[in-house]
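These protein sequence lines are chains F, G and Y, in that order.
In this text, residue positions in the first sequence follow numbering that gives the first Met the number 0: the first is 0, and each later residue adds one.
In this text, residue positions in the second sequence follow numbering that gives the first Met the number 0: the first is 0, and each later residue adds one.
In this text, residue positions in the third sequence follow numbering that gives the first Met the number 0: the first is 0, and each later residue adds one.
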Amino acid sequence: MKKQKRITDIIVYIILSLGSILMIGPLLWMISTSLKDKTGVFALPPQWIPDPIQFEAYTKLFQLDTLGYGIKNTIIVSLSVTIVGTITSSMAAFAFAKLRMPFKDWVFLILLASIMIPYPIIMIPQFVMFSKIGWVDTLLPLIVPGLFGNITMIFFLRQYLANVPYSLIEAAKVDGAGYLQIFFKLIFPVIRPAVAAQFILWFMGVWNDYLAPLIYLNSPEKQTLQVVIANLKATYAIQTDYPLIMAGSVVSLLPVLIVFLIFQKQIIESVALSGVKG
Amino acid sequence: MAVQKIIGGVLIMKKLNLLLAILLVSSMFLGACSSKSSGNSDEKEITFMFRGGEDEKTAYTAAIKKFEEQHEGVKVKIINTDADQYSTKLSAAVSGGNVPDVFYLDSGSIANYVDNGIIRDITEDVEKADFDLNSLWQFGVDIYRYDGETAGKGALYGLPKDVGPFALGYNKDMFEKAGIPAPDKDKAYTWDEFLKVSQELTQDTDGDGEVDQWASGFNATWSLQSFAYSNGASFLNEAGDKVTVDTPEFAKSLQFFSDLSNKYNTTPNSSQSETLDTYQRWMNGELAFFPVGPWDMSAYAKLDFEYDLMPWPSGDAGKSVAYVGSLGLVVSEMTQNPDLATELAIYLSADEEAQQTLLDAQVQIPNLVDMAEEWASDTESVPNNKQEFLDIVQDYGVPYPTFATYNSQWLDEFWTNITPVVQGKKTAEEYLKEIQPKMQKLLDEANEQAKMSK
Amino acid sequence: MASHRCLLLKGVKSMSGINPVVGAKDVKPKKPKKQKSSALYKQEHRVAFLFVLAPVIGFLLFSVYPFAYSIYASFTDWNGLNRMNFIGFDNFVKLFQDPYFYQTLYNTVFYMIGIPIGLGLALLLAIALNRGLRGTTFFRTVYYIPVISSLAAISIMWAWAYNGDFGLVNQVLEIFGVQGPNWLENTSTVKPAIILMAVWKGLGYSMLLYLAAIQSVSKSFYEAADLDGANSFQKFLNITWPMVKPVTFFLVITNIIGGFQIFTEINIMTPTGGPEYSAASIVWYVWQKAFKYYQMGYGSAMSLILFIFIFIVTVIQFYLNRKSDYSLD
């Protein structure tokens, strides 16, 4: 048995390695481009290893006065949305999955409808709305909607909670626990892997969001990182300093990578259901 | 006991909601405050929105600083946006009532924006500012005129940010090596001559049995107009209400264009080449002819070979035609400071130092005629024939066909479905006959919408 | 097979002391006698209501209002600037006669072929990464990289990879003696090319979620199965697959909803919608109409139709899932 497992392991290992070459391609390409000079970008056949290698793009990047603002603002937006939003989403997911409420499933379906509306079409009305209350050129339109929860996360947690039996909750209720206690002490630890997975994805989504910051933010001090990078594009595509843009993209993906590394451990720590006592 | 605890839970829940509500309200106040703290009430502020890279930003920042120095108590807020989504942001700003005081607008949208009451008639303001319009390219100025019916004449609604002549370039070294005399810079090739030279230049230079050098690799979207118009054809009639692509002259030009690839094999591949593909071949010295815009000069300066400019080949009409694009600077109708805003536009369009900076960075040719002519008189540096750019702007350049129409949908239809022709699978005549009614329908729609706006 | 399953369940039940979810209807506590129930239930209702209050408010403010605005807009000739006149059903009549509407709808549905492919690969990947091999963290991170890489870098890379002459894809094909086409310029290859890129890009996302789900499957189930002599395939079919079914359901629904709205990839890989609009998705077409051609009213009408479509498809899926649900809410 063990030998069979080993052979399978080796085969799996080989396949995974081949696949990872494919996966890591764009990152290598991004790094490679960021080390080229402006014209080397368009060379055919494309060079993987730039000749010459130069860090000019990075020096230029860090001399940008907007970079600091970009990083700061993006951190503010990403963290506030994901942290508060995770709490509101988890609680709502708990309610949808395990609590009794009239018309619960219909409410859920209607909330789900919010992601069925194509974004381009609510983009402008939303903008008009925020404009009327004077939130243009502030970070608020980017933060406030997210604080109320993320239906995708709610959906996923609801599905995940399907594997948690009622008996657990009933037992807790019998012991006299309040719903909030049940939620924080019982449910939240159980759904930790799911929350971690969704947190990573949501954080990344907000971090990489580009369209909303683009239309709402004007002043350089308010810009987020993705917009700062996108603004480096020149009027005529040919003149765009691609190494600079790639350098910016590489720098911008580092925090997301760090969040991923931290949180993926949360996913992995096995939360054996059998370990949960009533 | 159990009941008490549960009630406690609900109470806590309510507190949390209250907290959230307080957070929300206070952030709203913070938000409101930050948007109003734009300086003291004595200071006037004008917003300028544009899109551009570092070079353009540097040039305009300097011009703006000068502008601020000359006007005490005036601050200019610069909004820089991504080039690709500029129109989206502008659209959002217009809908939300946040139109910047001065901003970029492409020449084709002028009529539309005027009809919707978004941009301002600056004819008088320009006169008041005591600015000589003749120092700018007439083409660049006229393209921003509109009399309510026809674009190109009437009141002035904008100033050129730049004019972009789309010239034709050739690989000088390649011609020398092949022993062919360089193209005449004043007299355009006829199509026969162009074809002959193209065939001569398409060869296998290293004797390995495979062709590795071609004459050209044009992208129809940008180059077809030159072929068609110089053959006496056009996309639209004068009045702008009929699509005229189903003429024999047009068919001949489109067929010739397609034949260059499919019949005469003077281009790298018979399938429609993506622009970047032939662009790279040109950069590698594999193509004889390739379009050159002023924005290309900085990249082309690093080429291994010497290049120069020439007139586009001309069809039966006997004269070259080339396309000139333009991006404009317009003033918002709702601006609180029309005089200042217009003056800022003038600065950005015509300030000598700014133009010189842009020219040095090889971003564009200067808007100022004098400066441009001086620059072109230098025939030593590459490209020698800079005059060609000027000739296009002053002489044989035309705006893009969609310049005078409400939207570009009718023309996009043409490009969307042109692949079979360019791949040689359909004749030009067949295609044009098919596509004309579809284009016409879209043009009619556009014209109707234009009428409704007025 | 059946006997194995019974043994499995029995074994599990006795080991963990809890109700296994697989194959058994999760017992909902019977409604207690009426007198006690009202107060208790009302309490629970209230709590549940408060818990979901935040998303509901957010939904009303940030989704309903703008959507209502755009529904109104779909009955006007709004041009995105200042003009907005009521024109009744004109937009809808026009759109049902618009060949490009049907073309882009077809394209969009075609793109969804990538969903089963992507999910299948992601699940296999998650299982593989759950084996506890050395370097798992490394692999997990690497497979997640496409998800977090900038869209700009990805598109440039893939646009080059699909280049007819120099592209990586065709170079690899040449090794096998196959002459690859100019992927993005050929009407029959442009969609598969984009599907491939989308699958590749979404793999890490789905993998992560499957991983989280697989982690929740107690090892004791597998151990019990081993005791019963089940092989890998049986273990997969009877334990893993049913246990991650909720996640599969989630992924299918969100991928279909998202798939209907695919836009950015199209916009960057084929900015003109591909040859003869063979790559254009419906939201891309909406974008063109709304922002490029100043026909925002028409774009809103198309979006409304699209929304109705997606909603119906989703409701159907929920209904079907209900019927084969392993655990009830």
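Heads up, the beta-carbon is just placed ideally off N, CA and C, and yes, glycines get one too.
Is the shortest distance between the beta-carbon of F:T87 and the beta-carbons of chain Y less than 7 angstroms? Interface criterion met: the Cβ of F:T87 is under 7 angstroms from a Cβ in chain Y.
Pop quiz: F:S88 and F:P242 are said to be a contact at Cβ under 8 angstroms. What is the actual Cβ separation, rounded to whole angstroms? 39 angstroms between Cβ atoms; not a contact.
Looking at the secondary structure, which residues open and close the alpha helix (DSSP H) in which Y:A229 lies? No alpha helix (DSSP H) contains Y:A229, which DSSP labels as neither H nor E.
Per-residue contacts from F:L21 into chain Y (C-beta, under 8 angstroms): Ordered by position in chain Y, the residues that pass the 8 angstroms Cβ test against F:L21 are W199.
Cβ neighbours of Y:Y293 in the same chain (closer than 6 angstroms, five flanking residues each side left out): The answer, listed in chain order, is N78 and G79.
Where does G:G216 land, buried or exposed, given buried means 16+ other C-beta within 10 angstroms? By the neighbour-count criterion, in which a residue is buried when 16 or more other Cβ atoms sit within 10 angstroms of its Cβ, G:G216 is buried.
Under 8 angstroms, CB to CB, which of the residues in the stretch 103-122 of chain G have a partner in chain Y? Only N111, Y112, N115, G116 and I117 from the stretch 103-122 of chain G bring a Cβ to less than 8 angstroms from some Cβ of chain Y.
Any beta-carbon of chain Y closer than 7 angstroms to the one on F:G133? No, because no Cβ of chain Y sits closer than 7 angstroms to the Cβ of F:G133.
Here's a check: name, in chain order, each residue in its chain whose Cβ is nearer than 7 angstroms to the Cβ of F:G133, leaving out the five neighbours to either side. Excluding five sequence positions before and after F:G133, none of the CB atoms of its chain fall closer than 7 angstroms to its own CB.
For F:N217, decide whether its Cβ has a neighbour in chain G, counting only Cβ atoms nearer than 7 angstroms. It does: the Cβ of F:N217 has a partner Cβ on chain G nearer than 7 angstroms.
Three-state secondary structure assigned by DSSP to F:P212: Helix.
In the structure shown, what three-state DSSP assignment does G:K301 receive? Of the three classes helix, strand and coil, the one that applies to G:K301 here is coil, per DSSP.
Say whether chain Y places a C-beta atom closer than 7 angstroms to the C-beta of G:T266. Residue-level contact by beta carbon fails for G:T266 and chain Y, as no gap is shorter than 7 angstroms.
Are the stretch 62-75 of chain Y and the stretch 109-123 of chain F touching by the rule of at least three beta carbon pairs closer than 8 angstroms? Output reads yes: the stretch 109-123 of chain F touches the stretch 62-75 of chain Y.
Cβ of G:M27 within 7 angstroms of any chain Y Cβ: Because G:M27 carries a pLDDT of 46, less than 50, the predicted location of this residue cannot be relied on, and the following value inherits that uncertainty. Answer no: the Cβ-Cβ gap between G:M27 and chain Y never drops below 7 angstroms.
Runs of alpha helix (DSSP H) lying entirely within the stretch 151-188 of chain G, each at least 4 residues, in chain order: With a minimum length of 4 residues, the unbroken runs of alpha helix (DSSP H) contained wholly in the stretch 151-188 of chain G fall at 171-177.
Buried versus exposed, by CB contacts within 10 Å (16 or more), G:E412: With 16 or more Cβ atoms within 10 Å of its Cβ, G:E412 is classed as buried.
CA-to-CA distance, G:D81 to G:R50, given in whole angstroms: Spanning the two alpha carbons is a distance of roughly 6 angstroms.
What does DSSP give as the partner residue(s) for G:Q202 in the beta ladder? When DSSP reads this structure, G:Q202 sits in a beta bridge with G:Q212.
Considering only C-alpha positions, which residue in the set G:Q354, G:W136, G:I391 and G:I434 is nearest to G:A250? Nearest C-alpha to G:A250: G:I434.
Determine the extent of the beta strand (DSSP E) in which G:A321 is found, giving its start and end residues. Its beta strand (DSSP E) spans residues A321 to V330.
What is the rounded straight-line gap between the Cα of G:Q202 and the Cα of G:N383? So the alpha carbons of these two residues sit roughly 27 angstroms apart.
Bridge partner(s) assigned by DSSP for G:I396: Going by the sequence as given, residue 396 of chain G is Gly instead of Ile. Under DSSP, the beta-bridge partners assigned to G:G396 are G:A321.
Let me check understanding here. Comparing Cα to Cα, which of F:Y118, F:I244 and F:V250 lies closest to G:P52? A small correction: the amino acid at residue 52 of chain G is Gly; Pro does not occupy that position in the sequence shown. For the residues F:Y118, F:I244 and F:V250, the minimum Cα distance to G:G52 belongs to F:I244.
Between G:A454 and G:T356, how many whole angstroms is the CB-CB distance? I'm expecting something under 8 angstroms. Shown here, chain G extends from 0 to 453; a query on residue 454 of chain G therefore has no answer.
Taking the alpha-carbon positions, what's the Y:S302 to Y:D89 distance? Whole-angstrom Cα-Cα distance: 15 angstroms.
Using a Cβ-Cβ distance cut-off of 7 angstroms, determine whether G:S94 contacts chain F. Chain F, which has a Cβ nearer than 7 angstroms to the Cβ of G:S94, makes this yes.
Please compile the residues from chain G whose C-beta is within a distance smaller than 9 angstroms of the C-beta of Y:T271. The contacting residues are T220, D411, W414 and T415.
Could you tell me whether any Cβ in chain Y is nearer than 7 angstroms to the Cβ of F:I114? Yes, because at least one Cβ of chain Y sits closer than 7 angstroms to the Cβ of F:I114.
In whole angstroms, what separates the C-alpha of Y:S37 from that of F:T223? Our two residues, Y:S37 and F:T223, have alpha carbons roughly 51 angstroms apart in a direct line.
Assigned exposure category for G:Q69 - 16 Cβ within 10 Å defines buried: It counts as exposed.
Alpha carbon of F:V76 to alpha carbon of G:S325, nearest angstrom: Between the alpha carbons of F:V76 and G:S325 lies a distance of about 38 angstroms.
CB F:G69 to CB F:V258, shorter than 7 angstroms? Taking the C-beta atoms as reference points, F:V258 is found no nearer than 7 angstroms to F:G69.
Using DSSP with H/G/I as helix, E/B as strand and the rest coil, what is Y:E184? Y:E184: helix per DSSP, three-state reduction.
Does the distance from the C-beta atom of Y:P245 to that of F:Q158 stay below 7 angstroms? Yes, the pair counts as a contact, with Cβ atoms nearer than the cut-off.
Y:S149 vs F:N162 beta-carbon contact at 7 angstroms: Going by C-beta atoms, Y:S149 is not nearer than 7 angstroms to F:N162.
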